[in-house]
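Add 4 to a position in the sequence shown, counting from 1, and you land on the number used in this note's numbering.
A quick write-up on the structure given underneath.
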Amino acid sequence: MLKQFTTCLSVAILITSCKSSDKPTTEAPTTKKEEVMHIIDPHSFAKTNDAVVKHLSWKANVDFATKTIQAEAVWTIEKKTNADKVIFDTRDLTIRQVTVNGGQTATYHLADTVSGQSFMGQALTVDIDSTVKTVTINYTTSPGAAALQWLNAQQTKDKKHPFLFTQSQAILCRTWIPTQDGPGTRFTFDATVQVPVGMMALMSAENPQQTATDGIYHFKMEQPIPSYLMSLAVGDLGFQSVGTETGVYAEKSFVAACAEELSDMQTMLEKAEQLYGKYQWGRYDVIVLPPSFPFGGMENPRITFATPTIIAGDKSLVALVAHELAHSWSGNLVTNATWNDFWLNEGFTVYFENRIMEAVYGKDYADMLQVLEYDGLVETVKDFGETNPDTHLKLKLEGRDPDEGVSDIAYNKGAFFLRLLESKVGRAKWDIFINAYFTSNAFKVMTTEAFVEYLNANLIAPNKAAYADVDINAWIYGPGIPSNITKPVSVRFDLVDAQVKKFNEGAAANTLVTTNWTTHEWLRFIYQLPDNTSLEKMGALDKQFKFTGTGNCEIADAWYELAIKAKYTAAYAEMDEFLNSVGRRKFLMPLYKAMINTGQGELAKSIYAKARPGYHYVAQNSLDELVGTK
Ligand code: BES
Ligand code: ZN
């Protein structure tokens, strides 16, 4: 099981040399300076080479009663040609009015959804002439908007106020803002947001630390960001600082525990800066969301969104914060051009996350994480099939939902590729290269092809002999796991494996030596147990280590997956409860999958029928397909 994220997607990108266009550009220092790239993003209707957005002024009213946002989006646009149209991506929006230049009536057209591609939404085309500088769109979101999850007060911890959060990546921003919704288009924004009095609103921007008495909040983001990084959270929130530039938001009764758990954030930020250069975004805060948040974390600029399942009580799951923080460089600063290049965001981030973890918690700790990543990768490749094109780093997601590209391939194959490159020249030279990569490409987009060019020019050419036996193309454009991957080893896991062996050979659970084991050692232990572990052995382990019902969600998830495979029904009531209280897709998918693959599909269906309304759209979408409710 391990980090099986789920699915896959495809974006065909077309790169043509185009001297006159100045957007989106990718410069490799050794190539002609004026040479820029014209990127076609198959997941956006916008023709950004004709007319592109530059700034958003957003006014919104967050209405919990109707579960809608009524908003006005004023887009400042830039024309690249004498184009007579600007095109936005929308999905499930009710467009009320479109005007230009602050009030002139405009002609617009909302296209039909393309059959079989409802995830793309509808193109909104607005006619413009040479005088048009701004386009104003008045609209209302739908109560079922895919990016938005509306929770009632009962679904929150403190149960006093409702809660709203967004999840825009990959192409869901268009369900709450009409936008040019490709990662290759960046814009600055300001916003004024009205929420019910007593609630706090946060965005990917400069944020308040106190509740406004009138429920009105103003935001400003001066660094240009792509729309997949747009975010909004509204709730009964408190704030606690954990360092000079870092802090935590959470529901009021939870904020102290979160701040305690995440107390190393400031150190992480400082170590990250020492590694790869100055943090470019001002403050770095984390909001810990309610448990239905479908991901572990989301790197919204200045305000990482995080699942509460990382609050384990012993700081053992904070690698997730290192990961989202690392995205402040890989992803938010240097951004994948299209979702086919997703590995550039996630592979670099898993690599960087591990470097931060090593710097803060030591090599032994980072080694454990690498072994778990490796095992997850092996499993994913086995699952997909070794020759499956979805095991290439560079994906082909055209015509598919980009969510299908989210797998261990982009994350872990990507990270191990970078580790291989590092190992050939050594860390000192490698770090200089990566530093320069982030600095010279800051606030730009990167295609896989441009990265290869940059790599060849700046690392491989000057160190030719060291890379003689590395086939870059096999890693990026080829399937499976190339044989020159460096298999990680962990001395701490070797000790765990010895205990597993002893147990499998008949030693009693209470004779196992597990002193000072952390979450990762427990995960390794559970993952190493055979699927057909006897009920007697499962019972003995449970009695000794109290896995069933544990509050550590990572351990719970690993244990319940084994319990399903071993048909250890004594854990099923708690497993059911877990699936009804946590909405993180990484936990849900392996459990439902295990039930389906072991002839327990009816159980999966009955649990899902109950749990589904509490899950976010993203999780529902994956599970509808798997469990078969659709
Ligand atoms: N950016 C991702 C989450 C994401 C990816 C959302 C693709 C939508 C589409 C985030 O940084 C991430 O990778 N989260 C992981 C964290 C883990 C690898 C530490 C998660 O949610 O589990
Ligand atoms: Zn990530």
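Where a beta carbon is used, it is the ideal one built from N, C-alpha and C, also for glycine.
- Message: Could you check whether the segment 375 to 391 touches the segment 442 to 451, counting it as contact only if at least three pairs of C-beta atoms, one from each stretch, sit closer than 8 Å?
- Response: no
- Would Y415 pass as a contact of H524 if the rule is Cβ separation under 9 Å? no
- Task: Could you check the C-alpha separation between N467 and L516 for me, to the nearest Å?
- Result: 49 Å
- Message: Do M269 and V252 count as a contact pair if the criterion is CB distance below 9 Å?
- Response: yes
- Locate the beta strand (DSSP E) running through P230, then write down its first and last residues. 220 to 230
- Message: Shorter than 8 Å, the distance from the beta carbon of E377 to the closest heavy atom of the ligand ZN, or not?
- Response: no
- Item | Residue nearest to D185 in terms of C-alpha spacing, selected from A174, R528, A195 | A174
- Message: Give me the residue from I489, D116, E540, Q548 with the minimum Cα distance to A513.
- Response: Q548
- Item | Helix, strand or coil at D289 [DSSP, three-state] | strand
- Query: What are the boundary residues of the alpha helix (DSSP H) that E82 is part of?
  - Reply: Looking at the DSSP string, E82 is not in any alpha helix (DSSP H); the run it does join, the beta strand (DSSP E), is 72 to 83.
- Message: Between which two residues does the alpha helix (DSSP H) holding Q532 run?
- Response: 523 to 532
- Query: Taking the C-alpha atoms as reference points, what is the distance between N445 and L324?
  - Reply: 25 Å
- Message: Please tell me whether L206 and L176 are closer than 9 Å, where the distance is taken between their beta carbons.
- Response: no
- Might you give, ordered along the chain, the residues of its own chain that have their beta carbon closer than 7 Å to the beta carbon of R528, omitting 5 neighbours on each side? F497, V500
- Message: Mapping the DSSP letters down to three states, classify G106 as helix, strand or coil.
- Response: coil
- Message: If I follow the unbroken beta strand (DSSP E) through R496, where does it start and stop?
- Response: That residue, R496, is in no beta strand (DSSP E); its alpha helix (DSSP H) goes 495 to 508.
- Is G706 near the ligand ZN, judged by its Cβ being under 8 Å from some heavy atom? The shown model of the chain, from 5 to 634, leaves out residue 706, and the question about it has no answer.
- Item | Inter-residue Cα distance where the pair is A127 and D96 | 11 Å
- Around the C-beta of K37, are 16 or more other C-beta atoms found within 10 angstroms, so that it is buried, or is it exposed? Interpretation of K37 is limited by its pLDDT of 37, a score under 50 that renders its predicted location unreliable; the figure taken from the coordinates is listed afterwards. Its Cβ having fewer than 16 others within 10 Å, K37 is exposed.
- Query: For the segment 255 to 307, which segments carrying the alpha helix (DSSP H) assignment without a break, of at least 4 residues, lie completely within its bounds, in sequence order?
  - Reply: 259 to 265, 269 to 280
- Message: Give me the pocket residues for the ligand ZN, defined as CB within less than 6 Å of any heavy atom, sorted by chain position.
- Response: H327, H331, E350, T353
- For the alpha helix (DSSP H) that A471 lies in, which residues bound it at each end? In the sequence as presented, Ala is not what sits at residue 471; that position holds Tyr. It is not in any alpha helix (DSSP H) - Y471 carries neither H nor E in the DSSP assignment.
- Report the residue from K505, K491, E509 whose alpha carbon sits nearest the alpha carbon of Y378. K491
- Message: Rounded to the nearest angstrom, what separates T313 and T160 at their Cα positions?
- Response: 14 Å
- Query: By how many angstroms is the C-alpha of D405 removed from the C-alpha of V90?
  - Reply: 24 Å
- Query: In terms of alpha-carbon separation, which member of Y621, A216, F193 lies closest to V199?
  - Reply: A216
- Residues in its own chain within less than 6 Å of T519 by CB, not counting five upstream and five downstream? none
- Determine the extent of the beta strand (DSSP E) in which D93 is found, giving its start and end residues. 89 to 94
- Message: When you compare the CB positions of W333 and F356, do they come within less than 9 Å of one another, or not?
- Response: yes
- Item | Residues bridged to V449 [DSSP beta-bridge criterion] | T339
- Who are the near neighbours of K597 in its chain, counting only those whose CB is closer than 7 Å to its CB and skipping five residues on each side? L630
- Item | Same chain only: Cβ atoms within 7 Å of K224, ignoring 5 sequence neighbours per side | D194, A209, E210
- Message: Using C-beta distances below 7 Å, list every residue in its chain close to A261, excluding the 5 sequence neighbours before and after it, in chain order.
- Response: I315
- Message: Considering only their Cβ atoms, is the gap separating T189 from V57 smaller than 9 Å?
- Response: yes
- Message: Can you tell me whether E303 is buried or exposed? The criterion is at least 16 other CB atoms within 10 Å of its CB, across all chains shown.
- Response: buried
- Step through the CB atoms of chain D and report whether any lies within less than 9 Å of the CB of D394. In the structure shown, chain D does not exist; there is a single protein chain.
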